[in-house]
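**Q** Keeping their order, the protein sequence lines are chains A and B. Using this note's numbering, read the first sequence as starting at 23 and increasing by one per residue. Using this note's numbering, read the second sequence as starting at 5 and increasing by one per residue. Built from N, CA and C at the ideal position, the CB exists for glycine as well. Mind looking over this structure? Questions follow.
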Amino acid sequence: MRVNVTVNGEARSADDVWEGESLLYVLRERLGLPGAKNACEQGECGSCTVYLDDVPVCACLVAAGQVQDREVRTVEGLADGETLDPVQEAFVQAGAVQCGFCTPGLVVAAHDLLRRSPSPDDPEIREALAGNLCRCTGYEKILDAVRLAAAKRGA
Amino acid sequence: MDFLRPTTLAEALAAKAERPDLVPIAGGTDVMVELNFDHRRPPGLLDLTGIAELARWSADGDVLRVGAAVPYARIVQDLGDRLPGLAMASRTVGSPQIRNRGTVGGNLGSASPAGDTHPVLIAGDAVVEVASARGARSIPADEFYLGVKRSALEPDELITAVRLAAATGPQQFAKVGTRNAMVIAVCSFAVSLHPERLRVGAAVGSAAPTPRRASAAEEFLSAELTSAGLWESREPLPDSVQRRFGELVAEAASPIDDVRGSAAYRRHALAVLARRSLGWAWREHSGGGNERCA
């Protein structure tokens, strides 16, 4: 089937999509957007977190056909040209990236948190990131990055 | 495989009548896992996310009707005051991403014994609304679950909503798992106090082939509260009553040993969860404030 979807503000379409395919597969393998990562394929790890109509979801659990005529924003759509989003910048500055695999999902989850709650406390940050696993276990730096991003946005 | 995108319930029911083998999908948090892992290859998917009437909740007097495709996040956000037990259980589902997509209708459709909202629906005397091209019917929650991942839903039917009365007293939900997020319950428990009916609702999850009402515990506690005049006096519950309640809840279960825990552990944990949850609920009934953290 053909799927028409707006991705990062651009109308895109994918052909020959298998009906049981996930949004994640469409993004990575058909639309050339490998930012969202494919790991657990069961919603456990959050590495594939993207916005669907402005709500963060696991792209691996969204059926391709469900995004027809809807809007998806991936980690690739956060930066403004060459200028990183404050959350991305904070991840770099805080050293919150080790192997980098979980980073895109965490960046989207943190981005969503700061839109909803500009100066979150630690329990709020932990809760917002509870669906994202970092197997390098670099969580402390990730928390630092979110605090830093909140401070940057508030500045 | 086909992918059907009905925009009205009537259209979806017509499709299901013609092709009962279509698998309904809403949040996809169960269905997509089965597809991703090649555990299931249905001939077609019936996407319910385009049907506006399934994605709404409404209040009819004191009864809340929650559409089958309302995600957990909306229940937590919108219904925490009127359906505190359902909101608490919804709050423990998966992660923020999962709660943004997963639905009570999906929890019911999957009918896993570990589904988080089941004990709350039973304790709160919820009714499951289902519909087919033949008509609609209502199934009491405790008659909905028939076995491990089996329910009273007929192949041509779709779950359309759950109905439950707004809380008239404290409600609690608690579950055991290895962390707060992304946990399939080792066991879970829900209690609802219904002071206007002098009744207590109690149910266990993840501790039997189906979620199950703890009838003996309900009868025991309802009788104790009434005979000792505690509903009105709101005095502290005797320890012996809380303990006996916990024992009776544990006896309602018939758990198994599996990777998440042993049967013996589940029985023990249920007795503890029940005693504590009752304590929290009773403290709220006595005016001691609402404790939400399990």
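1. Okay, do the region 139-150 of chain B and the region 57-76 of chain B touch, 3+ Cβ pairs below 8 Å being the bar?
2. Strictly below 8 Å CB to CB, what residues from chain B border residue 78 of chain A?
3. State the DSSP-derived secondary structure class of residue 82 of chain A, mapped to helix, strand or coil.
4. So, helix, strand or coil for residue 249 of chain B, using DSSP?
5. Using 10 angstroms around the beta-carbon of residue 89 of chain B, count the other beta-carbons present and answer buried if the total reaches 16, otherwise exposed.
6. Quick one: which chain B residues come within Cβ less than 7 Å of residue 136 of chain A?
7. Which residues in the same chain have their Cβ closer than 6 Å to the Cβ of residue 93 of chain B, if we skip the five residues on either side of it in sequence?
8. Taking Cβ positions only, does residue 79 of chain B come closer than 8 Å to chain A?
9. Got a sec, what are the start and stop residues for the beta strand (DSSP E) residue 28 of chain B sits in?
10. What does residue 84 of chain A reach in chain B if we use C-beta pairs closer than 8 Å?
11. Comparing C-alpha positions only, which one of B/246, B/270 and B/196 sits nearest to residue 190 of chain B?
12. Using 10 angstroms around the beta-carbon of residue 115 of chain A, count the other beta-carbons present and answer buried if the total reaches 16, otherwise exposed.
13. Can the beta-carbon of residue 178 of chain A be found closer than 8 Å to that of residue 71 of chain A?
14. According to DSSP, simplified to helix, strand and coil, what is residue 179 of chain B?
15. State yes or no: is the C-beta of residue 9 of chain B within less than 8 Å of the C-beta of residue 51 of chain B?
16. Under a CB-based cut-off of 8 Å, is residue 41 of chain A close to chain B?
17. Applying a beta-carbon distance threshold of less than 9 Å, which residues of chain B neighbour residue 63 of chain A?
18. Curious, which full-length beta strand (DSSP E) runs of at least 3 residues does the region 46-113 of chain B contain?
19. Determine the DSSP secondary structure at residue 157 of chain A, reduced to helix, strand or coil.
20. What is the rounded straight-line gap between the Cα of residue 297 of chain B and the Cα of residue 58 of chain A?
21. Please report how far the alpha carbon of residue 111 of chain A lies from the alpha carbon of residue 171 of chain A, in whole angstroms.
22. With which residues is residue 208 of chain B paired in a DSSP beta bridge?
23. Pairs of beta-carbons, one from the region 270-284 of chain B and one from the region 240-256 of chain B, closer than 8 Å: are there three or more?
24. Grab the span of the alpha helix (DSSP H) containing residue 60 of chain A for me, first residue to last.
25. For the 8 Å Cβ check, are there 3 or more pairs between the region 123-134 of chain A and the region 9-18 of chain B?
26. Can you pull out the residues from the region 18-31 of chain B whose beta carbon lies closer than 8 Å to at least one beta carbon of chain A?
27. Kindly indicate which three-state DSSP category residue 41 of chain B falls into: helix, strand or coil?
28. Using a Cβ cut-off of 7 Å, which residues of the region 147-161 of chain A contact any Cβ in chain B, in chain order?
29. DSSP three-state label for residue 66 of chain A, please.
30. To the nearest whole angstrom, what separates the beta carbons of residue 26 of chain B and residue 42 of chain A, a pair I think is in contact under 8 Å?
31. With a threshold of 16 other CB atoms inside 10 Å of the CB of residue 197 of chain B, please say whether the residue is buried or exposed.
32. Return the CA-CA distance between residue 218 of chain B and residue 128 of chain B, expressed in angstroms with no decimal places.
33. Alpha helix (DSSP H) containing residue 124 of chain B: first to last residue?
34. How many Å lie between residue 93 of chain A and residue 81 of chain B at the Cα?
35. Within 10 angstroms of its Cβ, does residue 34 of chain B collect 16 or more other Cβ (buried), or is it exposed?
**A** Let's see:
1. no
2. Position 56 of the first sequence, counted from the start, is the residue given in the question as residue 78 of chain A. Result: 100, 101 and 104.
3. Taking the first sequence and counting its residues from 1, the one referred to as residue 82 of chain A is at position 60. In this structure, residue 82 of chain A counts as helix in the three-state DSSP scheme.
4. For this step, residue 249 of chain B is matched to residue 245 along the second sequence. Of the three classes helix, strand and coil, the one that applies to residue 249 of chain B here is helix, per DSSP.
5. Here residue 89 of chain B is taken as the residue at index 85 of the second sequence, counted from 1. Buried, by the Cβ-count rule.
6. For this step, residue 136 of chain A is matched to residue 114 along the first sequence. Ordered by position in chain B, no residue passes the 7 Å Cβ test against residue 136 of chain A, which lies about 14 Å from the chain.
7. Here residue 93 of chain B is taken as the residue at index 89 of the second sequence, counted from 1. Excluding residues within five positions, the ones whose Cβ falls inside 6 Å are 120, 121, 124 and 177.
8. Translated into the one-based positions of the second sequence, residue 79 of chain B becomes position 75. No, residue 79 of chain B lies away from the interface with chain A (no Cβ there is under 8 Å from its Cβ).
9. The residue you call residue 28 of chain B lines up with position 24 of the second sequence. That run of the beta strand (DSSP E) goes 27-29.
10. Numbered from its first residue, the first sequence carries residue 84 of chain A at position 62. Simply 32, 36 and 105.
11. Position 186 of the second sequence, counted from the first residue, corresponds to residue 190 of chain B. The candidate whose alpha carbon is nearest that of residue 190 of chain B is B/270.
12. In the first sequence, counting from the first residue as 1, residue 115 of chain A sits at position 93. So residue 115 of chain A counts as exposed.
13. Here chain A comprises residues numbered 23 to 177, so residue 178 of chain A is not present and cannot be evaluated.
14. What you label residue 179 of chain B is simply residue 175 of the second sequence in a count that begins at 1. Strand, per DSSP.
15. Locating residue 9 of chain B in the second sequence gives position 5, where the first residue counts as 1. Locating residue 51 of chain B in the second sequence gives position 47, where the first residue counts as 1. Yes. Within cutoff.
16. As a first step, residue 41 of chain A must be located in the first sequence, where it is residue number 19. Closer than 8 Å to some Cβ of chain B, the Cβ of residue 41 of chain A qualifies, so yes.
17. Taking the first sequence and counting its residues from 1, the one referred to as residue 63 of chain A is at position 41. Those within 9 Å of residue 63 of chain A in chain B are 36, 37, 40 and 41.
18. 48-51, 61-64 and 67-71
19. Position 135 of the first sequence, counted from the first residue, corresponds to residue 157 of chain A. Note: residue 157 of chain A maps to coil in three-state DSSP.
20. Mapped onto the second sequence, residue 297 of chain B falls at position 293. Mapped onto the first sequence, residue 58 of chain A falls at position 36. Annotation note: pLDDT 49 at residue 297 of chain B (below 50); position unreliable, no value reported.
21. Residue numbering aside, residue 111 of chain A sits at position 89 when the first sequence is read from its first letter. Residue numbering aside, residue 171 of chain A sits at position 149 when the first sequence is read from its first letter. Near 8 Å, if we compare the C-alpha coordinates of residue 171 of chain A and residue 111 of chain A.
22. Here residue 208 of chain B refers to the residue found at position 204 when the second sequence is read from its first residue. Its beta-bridge partners are B/193 and B/216.
23. yes
24. Against the first sequence, residue 60 of chain A aligns to sequence position 38. Counting along the chain, residue 60 of chain A falls outside any alpha helix (DSSP H), and DSSP gives it neither H nor E.
25. no
26. 29 and 31
27. Position 37 of the second sequence holds residue 41 of chain B. In the structure shown, residue 41 of chain B sits in coil (DSSP, three-state: anything other than H, G, I, E or B).
28. 150, 152 and 153
29. Looking up residue 66 of chain A in the first sequence gives position 44. Coil, per DSSP.
30. Against the second sequence, residue 26 of chain B aligns to sequence position 22. Against the first sequence, residue 42 of chain A aligns to sequence position 20. So it is not a contact: roughly 13 Å between Cβ atoms.
31. Indexing the second sequence from 1 puts residue 197 of chain B at position 193. Buried, because 16 or more other Cβ atoms sit within 10 Å of the Cβ of residue 197 of chain B.
32. Stepping through the second sequence from its first residue, residue 218 of chain B is reached at position 214. Stepping through the second sequence from its first residue, residue 128 of chain B is reached at position 124. Their backbone Cα atoms lie some 12 Å apart in a straight line.
33. For the purposes of this step, residue 124 of chain B is taken as the residue at position 120 of the second sequence. It spans 122-127 - the alpha helix (DSSP H) in which residue 124 of chain B sits, taken as one unbroken run.
34. By 1-based counting over the first sequence, the position of residue 93 of chain A is 71. By 1-based counting over the second sequence, the position of residue 81 of chain B is 77. Whole-angstrom Cα-Cα distance: 23 Å.
35. By one-based count along the second sequence, residue 34 of chain B stands at place 30. Result: buried.
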